[in-house]
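What follows is a single structure, written as structure tokens, with notes after it.
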Amino acid sequence: MSIFRYAAPASFYPLAGRLIPWFAAIAAASILIGLYWGFFQTPDQLGGTNPQKEYYRIIFVHVPAAWMSMWLYLVLAAWSAVGLVFNTRLSFMMARAAAPTGAIFTFLALWTGAFWGRPSWGTYWDWDPRLTSELILFFLYIGYIALHSAIDDARRADRASALLAIVGLVMLPVIFWSINCPDPNQCAALHQRSDLSQMESNIFRAMMLMTFGFWMYSFAAVFMRVRGIILSREAESAWVRALVEAKA
Amino acid sequence: MLDVSDLECRRGDRTLFSQLAFAVEPGTLLHVRGRNGSGKTTLLRALCGLLMPETGEIRWNGEPIRRLAEDYHRDMLYFGHLNGIKHDLSGIENLRVAAILDDDRPDEADLWDALEQMGLKGFEDLPTKVLSQGQKKRVALARLLLSQAPLWILDEPFTALDTDAVDLLQMLIARHVADDGMVILTTHQEVPLTSGQIRRLHLGG
Amino acid sequence: MLDVSDLECRRGDRTLFSQLAFAVEPGTLLHVRGRNGSGKTTLLRALCGLLMPETGEIRWNGEPIRRLAEDYHRDMLYFGHLNGIKHDLSGIENLRVAAILDDDRPDEADLWDALEQMGLKGFEDLPTKVLSQGQKKRVALARLLLSQAPLWILDEPFTALDTDAVDLLQMLIARHVADDGMVILTTHQEVPLTSGQIRRLHLGG
Amino acid sequence: MWRVFLCILGRDITLAMRRRTDVLTTLFFFVIVVSLFPLGIGTEKQILRILGPGVVWVAALLASMLALERLFAADYEDGTLEQMLMTPQPLALLVLAKVTAHWLLTGLPLVAIAPLVGMQYHLDDVAVGTMVLALMVGTPILSLLGAIGAALTLGLRGGGILLSLLILPLYIPVLVYGAGAVTVSAVDFADTQPYFSLLGAFLLLALIFSPLAAAAALRISIE
Amino acid sequence: MWRVFLCILGRDITLAMRRRTDVLTTLFFFVIVVSLFPLGIGTEKQILRILGPGVVWVAALLASMLALERLFAADYEDGTLEQMLMTPQPLALLVLAKVTAHWLLTGLPLVAIAPLVGMQYHLDDVAVGTMVLALMVGTPILSLLGAIGAALTLGLRGGGILLSLLILPLYIPVLVYGAGAVTVSAVDFADTQPYFSLLGAFLLLALIFSPLAAAAALRISIE
Amino acid sequence: MSVMEFLSQGGYAYFVWASYGAALVLLVGEMVQLRRTHRTILTRLGRLLRMRPRGGDS
Ligand code: HEM
Ligand SMILES: Nc1ncnc2c1ncn2[C@@H]1O[C@H](COP(=O)(O)OP(=O)(O)OP(=O)(O)O)[C@@H](O)[C@H]1O
Ligand SMILES: Nc1ncnc2c1ncn2[C@@H]1O[C@H](COP(=O)(O)OP(=O)(O)OP(=O)(O)O)[C@@H](O)[C@H]1O
Ligand SMILES: [Mg+2]
Ligand SMILES: [Mg+2]
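Protein chains in written order, with the working numbering: chain A, 1 to 248; chain B, 249 to 453; chain C, 454 to 658; chain D, 659 to 881; chain E, 882 to 1104; chain F, 1105 to 1162.
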């Protein structure tokens, strides 16, 4: 019971309020240290067989953003599923709150990827499978948000977009795979990935620190958004009235 | 028997009613009343299983309607703001589809008969789009004549009907109640029903 | 004064009425009656100029309304099955747009006042979508309070209103008639209006 | 159960036959969209031949999606859908019947007209044959997936364009393999076999899962 | 008169701002449609560069048309359109105000995002510039012409796809000259001048006549 | 290493700072926007509360 208590919006609201500063502080600290490390403790080249010059430093935002974009979609779909199965209001709110942050990270991954691609491939955009997949992930986020806000009734909006998120999650591997492997005869030639273990260890650590920072940032942002959603949804309840009165 | 306990429904972010509890026994008519926006339609849709209440339980013969699902629907007939007829099909075709979906197996004569009773003789095989608002409603109400369902849930069934049709509908409701059926209805007009037991439920402040 | 002569309207391939002739003088209420499908809505829309009659002439102060066009619309207010309010705008915004389009220039206070009189105090600047069916209708009816038009054409204005609102509307209609206005309305309910002259027009067989 | 399936199928086909133009509309939309490209891009044979499969598939995607917008809309507006939810029948079965009717009325005509369109793009016979086959397997997938979107966007403003936003990304695998099969057939028809197996597998999965998902979506939307 | 024009313009923009995502929907529809082609056709740079202008224009046509479906629909459904017909204002003025609002909300964003899309197709800077200019002149024509179709199909089932059928053929001149300008700009930007003059002339004609035609169509549809 | 040298990022300043700039704008922007909406919600609720002081919902 003790932990499920926080599944009620009324008790989650203050809890989130207390946690946000911590997450924000940890995020700021790891991002700042990560950036310092990334810019001042790393070689000016990606190293090894990879000749990339200073512009590789985009990696410290690009990869964390790309990872967070995918992770947050998973989170979104997971909360949606929990909401549909257990009919808990807070789960839907969490899903809804995660979507914009996820979309922002997706956009960031695309944007930074484009600015990486220009110096390294000579073009801002190419129809590389990985880029295309990220673009489609962006469309899925936008679809989720668009559907949610096209529906006036909050409950229907929650449930409908939760179902969409789950359908999207099921289709995502299929979509990624179909783009990665347009010719089923040659699926062996899946897109080459750089091997994380061969990366220069300072670069790797800075990147992981930035990823951690982005992750903590996501907690802070999602909690802040969910607090807003809780307030407007529970506007009629006694505890919100009391809270607003206390503030006034 | 329909049994409702501790029901709470929200729409948007407003709680319309809570801790609502009542039961509808065979041979009763329940008249749900309340001002505009008090949640009558919402309650009726919750009773149909179209809308999931926030809390509370609705039981049909002791079983929660969520669990019964399709079996509950066999015992129930809902008539909402919309007529639920296809304007491109004739009255007869509309009735036939409705009957098949309800697992009733009426013969053709029953269908024609029902429409005639509703005062639609001569209009049976015209596409319903050429009928007036009230005539369309009569086509939809013809389902009441065919249905075997013991529980009728009617949301403002009298609107747009002329006085003849209102009388006919009142007669049908009275007969159904007299036959140990159950009727739940909302209407802003007064319903002068005589037979059976009439109960009133008042929503909103 | 509205003057109708030799009017015939068809819908689909059915003649609804023909050789209809009547006049509505200032200070009169014309109650158009008839069974479902007898053509009441059709007649009202023809009187508004929304629908061109098959034959016949509708004159406003002696001029055919086709010729008057926009000038006729300045003198007339129609209230149909649909409310004609935007659900994403608040009651105030809806009223304001309607007033500007009608070339009225009411000040803000009048608008708020009208909504308050309709019993919508506190709801004025909420988007109308959060209101119930009856409350939305009240917002739409608030136009009656602002309008300068002498001729009101109301198609079943009482549906979906609760008794308070029905009383209010009856009062408005009575006042308008008493002020030498003209009202043409349809309703299946009885309208116990007392002041002014009430005429009845019966459509259909 | 069969009786109910056939009843809905028959009903929807009767309704469509009473408004035959609706069926033709989708077909003409497809043809018009396909014909627009040569106007915008130029009419060089070489280029058209490369464009052909992709354009046809994209047009099929758009046509099927726009037609789907109306899949449940009419029933929703007049309240028959609400009534269907309250019949003692499994909703997924009714959905499947409606989707089947819909495909027969809009998907099948597209397949039938594809050879004509292929001609416009100077595709050779093998390519046209492959295209027809691929459309035959692919368009039902489009209808099935689209049904979920149609159910979710039921009664919302901006239905058509919102639906596209939700569903077009999900159509990508069908597009990739459908158009891929045609492109590959230029080399050797035998190479298309894996493409067709994949499309077939998609179809099977869609047949099983999407009526369930669409039924769930309908229950949510009708609330 | 100005007051009435601004009132309607303001009303429609306020309404759209209350549903900001609706505006984004059209934009993303455009982007998605544009992104589908490389997946169906292949991603060779040479080919993409040839496709680019045509695809962008066809996508703009479709996006603008689908968005237009809703131009009068919402007002029709809730009865405000009926009321507008009965105000003492010239209907063509109200139509023009609605179309203007609509273009500001859906056409202009397309123009703004076009450079990004041009990048996806590896168009060079001159081509992108020409495309933006051409869209700037061309999309209002699309909105104006589309308004007639939207008025005619008001309240009909299958609105979106039926509308396409009526309006897409009328869009062809805009497509031909709009895409043509971009293609020609590859050789010399000066060559595009006659294309722009023609588009400008179309725009002028459309500005004058289509509000009148749309107003007449509305009166017919509302009966 | 001078500040200028650092800023120039070996001649790739445009790409590097365009990326980091976007990240900064988006993430900080999101935070600012979230704080602002939270405050607007609170004030709006306060207004609603004052309008209909206590209990009842109509
Ligand atoms: C718009 C352009 C781009 C997008 C959308 C994009 C997207 C992604 C995504 C989604 C990942 C995570 C992949 C995974 O771990 O499975 C990723 C990782 C990575 N990307 Fe990009 N990328 C883009 C451009 C680039 C460019 C131009 C480069 C460098 C040449 C690049 C290099 C990397 C590296 C090194 C990783 C991390 C190592 C790995 O997990 O493989 N990306 N990118
Ligand atoms: N889809 C919805 N989203 C948000 N609120 C809604 C929705 N539907 C109804 N409401 C709100 O729920 C309340 C109850 O509506 P309901 O339709 O149940 O009232 P009613 O008692 O049937 O009123 P009426 O007599 O006017 O038909 C209204 O205040 C309305 O604003
Ligand atoms: N758009 C239309 N097309 C064809 N026929 C129509 C149309 N609209 C109405 N009708 C027919 O016109 C006749 C009159 O309809 P109308 O709506 O005027 O009736 P009414 O008197 O208002 O009835 P009610 O009391 O039911 O509202 C009806 O028989 C109807 O079938
Ligand atoms: Mg109601
Ligand atoms: Mg009528």
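We put the beta carbon where it would ideally sit given N, CA and C, even for glycine.
Is residue 464(C) near ligand 3, in the sense that its beta carbon is under 7 Å from a heavy atom of that ligand?
-> yes
So what's residue 529(C) in DSSP terms, helix, strand or just coil?
-> strand
Apply the 10 Å Cβ neighbour rule to residue 514(C) and answer buried if 16 or more other Cβ atoms are within range, or exposed otherwise.
-> exposed
Can you find a heavy atom of ligand 5 that lies under 7 Å from the Cβ of residue 456(B)?
-> The structure shown does not extend to residue 456(B), since chain B is modelled only from 249 through 453, so no value can be given for it.
Please name the residue in 473(C), 481(C) and 461(C) whose C-alpha comes closest to that of residue 605(C).
-> 481(C)
Relative to the alpha-carbon of residue 980(E), which residue among 1002(E), 1023(E) and 957(E) has its alpha-carbon at the smallest distance?
-> A check of alpha carbon separations from residue 980(E) across 1002(E), 1023(E) and 957(E) identifies 1023(E) as the nearest.
Regarding residue 323(B) and ligand 4, is the C-beta to nearest heavy atom distance less than 7 Å?
-> Answer for residue 323(B): no, Cβ out of range of ligand 4.
For the stretch 325 to 338 of chain B and the stretch 261 to 269 of chain B, state whether three or more C-beta atom pairs, one from each stretch, are separated by less than 8 Å.
-> Judged by Cβ distances under 8 Å, the stretch 325 to 338 of chain B makes no contact with the stretch 261 to 269 of chain B, as fewer than three pairs qualify.
Measuring from the CB of residue 380(B), is there a heavy atom of ligand 3 at a distance below 7 Å?
-> yes
What do you get for residue 493(C), buried or exposed, if any count of 16 or more other CB atoms within 10 angstroms of its CB means buried?
-> buried
Sequence-distant residues of its chain with Cβ nearer than 6 Å to residue 105(A) (five each side left out) | These residues qualify, in order along the chain: 65, 68 and 69.
Residue 157(A) to residue 857(D) span [Cα, whole Å] = 32 Å
Note down, one range per segment and in chain order, each alpha helix (DSSP H) of at least 4 residues found wholly within the stretch 2 to 46 of chain A.
-> 9 to 40
Using Cβ-Cβ distances below 7 Å, what residues of the stretch 922 to 945 of chain E are close to chain A?
-> Residues passing the 7 Å Cβ filter: 924.
Residue 107(A) versus 221(A), 76(A), 139(A) and 80(A), residue with shortest Cα-Cα distance = 139(A)
Could you list which residues in chain A have their beta carbon closer than 7 Å to that of residue 996(E), in chain order?
-> Here the premise fails: no neighbours, minimum Cβ distance about 11 Å.
Supposed contact pair residue 1011(E) and residue 1063(E) - C-beta distance, whole angstroms, cut 8 Å = 5 Å
Check residue 403(B) in the structure and name its three-state DSSP category.
-> strand
With a 10 Å radius around its C-beta and 16 neighbouring C-beta atoms as the bar for buried, classify residue 371(B) as buried or exposed.
-> buried
What's the gap between the Cα of residue 473(C) and the Cα of residue 1044(E)?
-> 39 Å
Alpha carbon to alpha carbon, how far is residue 932(E) from residue 715(D)?
-> 16 Å
Are the beta-carbon atoms of residue 327(B) and residue 449(B) separated by less than 8 Å?
-> no
Exposed or buried, residue 744(D), counting other C-beta atoms within 10 Å across all chains shown (16 or more means buried)?
-> buried
Cβ-heavy atom distance between residue 489(C) and ligand 3 below 7 Å?
-> yes
Closer than 7 Å: is that where the CB of residue 493(C) sits relative to any heavy atom of ligand 6?
-> Ligands present in the displayed structure are limited to ligand 1, ligand 2, ligand 3, ligand 4 and ligand 5, and ligand 6 is not among them.
Kindly say whether residue 188(A), judged by its beta-carbon, lies nearer than 8 Å to any beta-carbon of chain D.
-> Any reading at residue 188(A) must be qualified, since the residue scores a pLDDT of 49, below 50, and its modelled position is unreliable; the value itself is stated next. By this cut-off, residue 188(A) is not an interface position.
Any idea which residues DSSP pairs residue 446(B) with across the strands?
-> Within the DSSP secondary-structure output, residue 446(B) pairs in a beta bridge with 277(B).
Spatial neighbours of residue 374(B) in its chain, beta-carbon cut-off 7 Å, leaving aside the 5 residues before and after | 338
Cβ shell of residue 409(B) (< 8 Å), same chain only, five flanking positions each side left out | So the list reads 382, 385, 386 and 417, once near-sequence residues are dropped.
Burial state of residue 1078(E) (16 or more Cβ within 10 Å) = For residue 1078(E), the number of other beta carbons within 10 angstroms of its own is below 16, and it is reported as exposed.
Coarse secondary structure for residue 727(D), derived from DSSP in three states = Residue 727(D) falls in the coil class under three-state DSSP.
Determine whether the Cβ of residue 191(A) lies closer than 8 Å to any Cβ atom of chain B.
-> Only weak support exists for where residue 191(A) lies, its pLDDT of 43 falling under 50; the value from the coordinates is given anyway. Judged by the 8 Å Cβ criterion, residue 191(A) is not in contact with chain B.
Which of helix, strand or coil does DSSP assign to residue 508(C)?
-> strand
Could you say which of 880(D), 873(D), 878(D) and 881(D) lies nearest to residue 755(D) if we only look at CA atoms?
-> Nearest option by C-alpha distance: 873(D).
How should residue 1107(F) be labelled, buried or exposed, when 16 other C-beta atoms within 10 angstroms of its C-beta is the threshold for buried?
-> So residue 1107(F) counts as exposed.
Could you give the residue range of the beta strand (DSSP E) that holds residue 257(B)?
-> 250 to 259
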